[in-house]
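Here is the structure we will look at.
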Amino acid sequence: MKSIDAKLPIRRARGLITQRALPRLITMAAVVLLLLLLMPLSASATGQVCGKGGGNYTANSTYSSNLSLLAATLPLNASSSPTLFATATAGQSPDAVHALALCRGDTAPDNATACSGCISDSFRYAQELCPNARAAAVYFEYNDSDSRPGCLLGFSPDAAFLSLTPSGIAAADESTLFQYWYFQSMRGDAAAVAADVRELLNGTAHDAAAAKRFFATAVMDSASSDVPTLYSLAQCTPDLSTGDCLSCLQRLLAMVNDTTAVRMGGKILALRCTIRFEAFMFYNGLAMRRINPSSSGVIPAPPVRDPPGKRNRVRPWVIAISVAAPVALVALCFILYYRRLRRRYKKGKMRLNGKRARKLQGGDELLWEMEAEFSVFDFHQILEATRYFSEENKLGEGGFGPVYKGQFPDGMEIAVKRLASHSGQGFIEFKNEVQLIAKLQHRNLVRLLGCCSQGEEKILVYEYLPNKSLDFFIFDEDKKALMDWNKRLAITEGIAEGLLYLHKHSRLCVIHRDLKPSNILLDSEMNPKISDFGLAKIFSSNATDEGNTTRRVVGT
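Mind the numbering: the sequence shown is residues 1 to 556 in the UniProt record's numbering, read in order.
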C-alpha cells in the first residue's frame, strides 16, 4: 500500500482526499477523535494487545495526527464496504500509521451504524488502555444484553502490518494474538469432549475458508447431559485467499490444547483470523451448519429386552415413560444449574474453594491455594467500576502500579491495584500477595476481595478505605493537627496487633518486610490496616530452616 503524507492525496476505499481538502479533514478528524475520547463507551471490549514492537508516540506529534485522521475515516470506510472491512495508511515513514478494521460477519447488511460505532469505540478503547502506543490491536465485543456484533481494529507503524504474504500474515497475527478461556471446564469424559470441540472448530474453520465472506458459524448438540450445546464462529479478513484463510485458522486451532478444549468456552483472536466457541448462543441468526459429534464421552446403555416366554410383558410405552421422566427431570435440573452458574460467572462472583490450578492468560500459571472464598472478577467489570481507569479515579501510584477507586453497580466501593505493564517483578509480587493475603484474616490487615487476570492485565481488588494511608496525615501540616496523641496511640496499637497476628497467631508465620506509613491504610474510623504484601515472606517455625534466610535487600 502506498504511503502518504500531507503532500500527497490519501487513498481511500471510495475516491481520494485532495490536497486542498486535507487541512479541513485533519481539523475534523481531531474534533471527531476528541468526541470519541469524551463519549462514554456503550460496550465492553474483549481485550487488547498494546504496543508490541511499536514504542510510544507523543501528544500533538505527526504520528498522533495521522492516527486521528484514521480514527475519523476508517469507521466509515469499513461500514460502507460490502464486506464491512477496510485498510488504510496515513502519513509517511517514520510517522506512517497502517490500520485495519473488520466488523463481525453476522452484522446485518443494513446496520452500518453498528459497524462504524464499534470501530469508533475501538479507537477510543485503544486510547484508554494503550495510551500513546504506536501499535495496538483491539477486539471489541458488546455485552450479551446488546445484540450488536463486535469488531476488530489494529494499527501499527510497520508497513508489513498489512502485508498479504504468508510470512507477513503470520507475523501480524503473532504480534496481535489474544486468547481468553473460561476457568470452568465441562464435565464428562475429557478426551471425548476435547475431540468434539476440535471437530466443531475444525469444521467451522473449513466452512469459513470456503465461504464468500470468510465467515461461518456452527452448532453441535451433545448426547450427554454433562456437555451443553456448543456454538462456534470463525472468520478471516476478506482480503485473504482461501488457502491463507485456512492456514491462518489452522494456526489458531493448533493452540487449542487438551486443557483449553474442555473449557466452557473460549476464543483465540488475531489480526487476520479469529475462532471462538461458547456454551451459549452468542452470534446473530441461525447457525450456518449443524455438526454432529463423533463421540460424546458417554457409553450408551444396553437395550432393554423382555424376558423370553412371558405373555404379560411390560408395554414399551410404559418403559419409555418410566425412563424418560427421570432423565428429563435430571436434564432440567442440570440446565437450571448451568444457567445459574453462568450468570454468576458473568457477574464476577465465581468462587474458588480449596486448591485449584488455573492457567492464566499469557501463559503464566498460578496456583491458588485458598480455603476461604475468593472472587475472580471479570476485566470488563473492573473497567466499568473504575470508569475505564480514569485519572479522576486514580488514588496514587506504587511500585506495583497505579491504584484506582472503583464502585460496583450495587454501590460497593473498592480499591483496584493494577499491575504496571511488562513488570516482571510486579507479577512476582502479584502472585505473592494473592497467595498470602487470601489466607490471612485480621481486623488490622487490609481485606483482599479478589483478583482479575486477563492477558497482560493483573489486578488486585481490595476493600476501599476512605482515609487513604497514614503518610497523608503525618506528613501533611494541616492533617497532622487531626492526629492527637490518643489517635496516634490507637493506630500504633492496631499496627502492633496486626504484626503480632502475622508473626505469632496466623497459620503462616509472615514477615511483611515493607512496613512504612504509605502501607498503613486507615478506614473511616481511623483504624489502621496493614497492606501491600508483595514483598512479604513466609518463615518456618524451624529456626534452622534455610528458607528463613533472605539474601537480598527488600523494602524501602
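Yeah, the Cβ is synthetic: ideal placement off N, Cα and C, and Gly gets one too.
#1: What number of angstroms, rounded off, separates the C-alpha of residue 198 from the C-alpha of residue 215?
#2: Tell me which same chain residues have a C-beta within less than 6 Å of the C-beta of residue 390, skipping the five on either side of it?
#3: Please determine if the segment 219 to 230 and the segment 148 to 163 are in contact, where contact requires at least 3 C-beta pairs separated by less than 8 Å.
#4: Does residue 39 pass the burial test, meaning 16 or more other C-beta atoms within 10 Å, or should it be called exposed?
#5: For the 8 Å Cβ check, are there 3 or more pairs between the segment 129 to 144 and the segment 48 to 56?
#6: Hey, quick one: how far does the alpha helix (DSSP H) through residue 193 stretch, first residue to last?
#7: Enumerate in chain order the residues of its own chain whose CB-to-CB distance from residue 217 is below 6 Å, with the five nearest sequence positions on each side excluded.
#8: For residue 180 and residue 260, what's the separation of their Cα atoms in angstroms?
#9: Residue 506 lies in the alpha helix (DSSP H); which residues open and close that run?
#10: Can you name, in chain order, every residue of its own chain whose Cβ lies under 8 Å from the Cβ of residue 308, other than the five neighbours on each side?
#11: For the segment 463 to 476 against the segment 511 to 526, are there 3 or more C-beta pairs whose distance is under 8 Å?
#12: Where residue 87 and residue 116 are concerned, what is the direct C-alpha to C-alpha distance, given to the nearest angstrom?
#13: What are the boundary residues of the beta strand (DSSP E) that residue 101 is part of?
#14: Could you spell out the range, first to last residue, of the alpha helix (DSSP H) harbouring residue 575?
#15: Taking the C-alpha atoms as reference points, what is the distance between residue 375 and residue 59?
#16: Please classify residue 249 as buried or exposed, where buried requires at least 16 neighbouring CB atoms within 10 angstroms.
#17: Measure the CB-CB distance between residue 269 and residue 178 and report whether it falls below 8 Å.
#18: Identify the residues that DSSP records as bridge partners of residue 463: which are they?
#19: Taking the CB atoms as reference points, tell me whether residue 236 and residue 290 lie closer together than 8 Å.
#20: From residue 57 to residue 227, what distance separates their C-alpha atoms?
#21: Between which two residues does the beta strand (DSSP E) carrying residue 89 extend?
#22: Start and end of the alpha helix (DSSP H) containing residue 291?
#23: What residue range does the alpha helix (DSSP H) around residue 496 cover?
#24: Taking the CB atoms as reference points, tell me whether residue 405 and residue 464 lie closer together than 8 Å.
#25: So which of 229, 183, 512, 167 has the shortest CA-CA distance to residue 292?
#26: Under 8 Å by Cβ, that's how I've got residue 63 and residue 95 pegged, so tell me the actual separation to the nearest angstrom.
#27: DSSP on residue 77, reduced to helix/strand/coil?
#28: Is it the case that the Cβ atoms of residue 279 and residue 265 are separated by a distance below 8 Å?
#29: State buried or exposed for residue 257, treating a residue as buried only when at least 16 other CB atoms are found within 10 Å of its CB.
#30: Look at residue 154 and residue 171 and say whether their C-beta atoms are less than 8 Å apart.
#31: Taking the alpha-carbon positions, what's the residue 79 to residue 523 distance?
#32: Between the C-alpha atoms of residue 499 and residue 477, what's the straight-line distance to the nearest angstrom?
#33: Just reading off the alpha helix (DSSP H) that residue 54 is part of, what are its end residues?
#34: Please classify residue 123: does DSSP put it in a helix, a strand, or coil?
#35: Suppose the cutoff is 7 Å on Cβ atoms and the five residues either side in sequence are ignored; what does the same chain contact list for residue 213 look like?
#36: Alpha carbon to alpha carbon, how far is residue 447 from residue 209? Give it in angstroms, no decimals.
Taking the coordinates as given:
#1: The sequence position of residue 198 within the sequence shown is 198, counting from 1. The sequence position of residue 215 within the sequence shown is 215, counting from 1. Distance between the alpha carbons of residue 198 and residue 215: 18 Å.
#2: On the sequence shown, residue 390 is found 390 positions in, with the first residue counted as 1. Within its own chain, no residue has a Cβ closer than 6 Å to the Cβ of residue 390 once the five positions on either side in sequence are excluded.
#3: By the criterion of at least three beta-carbon pairs nearer than 8 Å, the segment 219 to 230 is not in contact with the segment 148 to 163.
#4: Position 39 of the sequence shown, counted from the first residue, corresponds to residue 39. Note that residue 39 scores 37 on pLDDT, short of 50, meaning its location in the model is unreliable and no value can be drawn from it.
#5: The segment 129 to 144, when compared against the segment 48 to 56, does touch it at the 8 Å Cβ threshold.
#6: Along the sequence shown, one-based indexing puts residue 193 at 193. Unbroken alpha helix (DSSP H) run through residue 193: 190 to 210.
#7: Numbered from 1 along the sequence shown, position 217 holds the residue referred to as residue 217. 233, 283, 287, 288.
#8: For the purposes of this step, residue 180 is taken as residue 180 along the sequence shown, with counting starting at 1. For the purposes of this step, residue 260 is taken as residue 260 along the sequence shown, with counting starting at 1. For residue 180 and residue 260, the distance between alpha carbons rounds to 10 Å.
#9: Along the sequence shown, read from residue 1 onward, the residue named residue 506 stands at position 506. For residue 506, there is no enclosing alpha helix (DSSP H), as DSSP marks it with neither H nor E.
#10: The residue labelled residue 308 in the question sits at position 308 within the sequence shown. Residue placement at residue 308 cannot be trusted, given a pLDDT of 41 that sits under 50; the coordinates are not used to answer.
#11: With the rule of 3 Cβ pairs closer than 8 Å, the segment 463 to 476 counts as touching the segment 511 to 526.
#12: Against the sequence shown, residue 87 aligns to sequence position 87. Against the sequence shown, residue 116 aligns to sequence position 116. If I take the Cα positions, the gap works out to 14 Å.
#13: Taking the first residue of the sequence shown as position 1, residue 101 is located at position 101. Taken as a continuous stretch (DSSP letters only), the beta strand (DSSP E) holding residue 101 covers 97 to 103.
#14: As shown, the chain starts at 1 and ends at 556. That puts residue 575 outside it, with no answer to give.
#15: Here residue 375 corresponds to residue number 375 of the sequence shown, with the count starting at 1. Here residue 59 corresponds to residue number 59 of the sequence shown, with the count starting at 1. A straight line joining the alpha-carbon of residue 375 with that of residue 59 spans about 38 Å.
#16: For the purposes of this step, residue 249 is taken as the residue at position 249 of the sequence shown. Result: buried.
#17: The residue you call residue 269 lines up with position 269 of the sequence shown. The residue you call residue 178 lines up with position 178 of the sequence shown. For the 8 Å CB-CB criterion, residue 269 and residue 178 form a contact.
#18: The residue given as residue 463 occupies position 463 in the sequence shown. Answer is 414, bridged to residue 463.
#19: Within the sequence shown, numbered from 1, the residue matching residue 236 stands at position 236. Within the sequence shown, numbered from 1, the residue matching residue 290 stands at position 290. Not closer than 8 Å, so no.
#20: As a first step, residue 57 is located in the sequence shown; it is residue number 57 there, counting from the start. As a first step, residue 227 is located in the sequence shown; it is residue number 227 there, counting from the start. Their Cα atoms are separated by approximately 48 Å.
#21: Along the sequence shown, read from residue 1 onward, the residue named residue 89 stands at position 89. Segment 85 to 90, the beta strand (DSSP E) holding residue 89.
#22: As a working mapping, residue 291 is identified with position 291 in the sequence shown. Where residue 291 is concerned, there is no enclosing alpha helix (DSSP H), given that its DSSP letter is neither H nor E.
#23: To locate residue 496, count along the sequence shown from 1; it is residue 496. In the DSSP assignment, residue 496 falls within the alpha helix (DSSP H) that extends over 485 to 500.
#24: Working through the sequence shown from its first residue, we reach residue 405 at position 405. Working through the sequence shown from its first residue, we reach residue 464 at position 464. Yes, Cβ-Cβ distance for residue 405 and residue 464 is below 8 Å.
#25: Position 292 of the sequence shown, counting from 1, holds the residue named residue 292. Among 229, 183, 512, 167, the Cα nearest to that of residue 292 belongs to 229.
#26: Residue mapping note: residue 63 aligns to position 63 of the sequence shown, counting from 1. Residue mapping note: residue 95 aligns to position 95 of the sequence shown, counting from 1. Between residue 95 and residue 63 the Cβ distance is about 5 Å, and since that is below 8 Å, they are a contact.
#27: Residue 77 sits at position 77 when you count from the first residue of the sequence shown. In the three-state scheme derived from DSSP, where H, G and I count as helix and E and B as strand, residue 77 is classed as helix.
#28: Mapped onto the sequence shown, residue 279 falls at position 279. Mapped onto the sequence shown, residue 265 falls at position 265. Cβ atoms of residue 279 and residue 265: closer than 8 Å.
#29: Numbered from 1 along the sequence shown, position 257 holds the residue referred to as residue 257. Exposed, because fewer than 16 other Cβ atoms sit within 10 Å of the Cβ of residue 257.
#30: Taking the first residue of the sequence shown as 1, we reach residue 154 at position 154. Taking the first residue of the sequence shown as 1, we reach residue 171 at position 171. No, these two residues do not count as a Cβ contact at 8 Å.
#31: In the sequence shown, counting from the first residue as 1, residue 79 sits at position 79. In the sequence shown, counting from the first residue as 1, residue 523 sits at position 523. Approximately 51 Å, taken between the alpha carbons.
#32: In the sequence shown, residue 499 corresponds to position 499, counting from 1. In the sequence shown, residue 477 corresponds to position 477, counting from 1. Answer to the nearest angstrom: the Cα atoms are 28 Å apart.
#33: Mapped onto the sequence shown, residue 54 falls at position 54. Bounds of any alpha helix (DSSP H) do not take in residue 54, whose DSSP letter is neither H nor E.
#34: Here residue 123 corresponds to residue number 123 of the sequence shown, with the count starting at 1. Note: residue 123 maps to helix in three-state DSSP.
#35: Looking up residue 213 in the sequence shown gives position 213. For residue 213, where only same-chain residues beyond five positions count, the Cβ hits under 7 Å are 83, 105, 238.
#36: Stepping through the sequence shown from its first residue, residue 209 is reached at position 209. Stepping through the sequence shown from its first residue, residue 447 is reached at position 447. About 51 Å.
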